[in-house]
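Residue numbers (this note's numbering): -10 to 126. Positions of the beta carbon are idealized from the N, C-alpha and C atoms, including for glycine.
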């Protein structure tokens, strides 16, 4: 292999590797989670009659947030029984919502035969969080 001559200057050559700048614009998953958080916060504030009671807002926010995620997990579990195109936009959005909840549980909970019981465990946990919070406060 012959190297470059001593007089060769690569100043005018373009870099072979294209440097990709980090974009600070949130992606699709971030916008979905921002919308869920905003919806939960709006439901929490409107359920207290717009009274400035922070503890009720926090409890309501957590309760509504868990309820939205619970419905998403249940819908995903029911849709997993049917043959649906995985590029369907509604299924992609549903997967974006529930994947951060179900993937950590799938790493811990083994499958029972062909059945994945992580949605059942996730639904149970998401159901218990508001109940425990209401009992404690």
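Would you report the Cα separation of residue 65 and residue 115, rounded to the nearest angstrom?
14 Å
Please classify residue 76 as buried or exposed, where buried requires at least 16 other C-beta atoms within 10 Å of its C-beta.
exposed
Looking at residue 63 and residue 28, is the spacing between their C-beta atoms short of 8 Å?
no
C-beta contact flag for residue 107 and residue 83 at 8 Å
no
Tell me whether residue 54 is buried or exposed, calling it buried when 16 or more other Cβ atoms sit within 10 Å of its Cβ.
buried
Let me confirm a value: residue 87 is counted as buried when at least 16 other C-beta atoms fall within 10 Å, else exposed. Which label applies?
buried
Exposure of residue 35, with buried meaning 16 or more beta-carbon neighbours within 10 Å
exposed
Is the distance from the Cβ of residue 50 to the Cβ of residue 80 below 8 Å?
no
Here's a check: name, in chain order, each residue in its chain whose Cβ is nearer than 7 Å to the Cβ of residue 33, leaving out the five neighbours to either side.
46, 49, 50, 53
Distance check for residue 118 and residue 124, CA to CA, integer angstroms please.
10 Å
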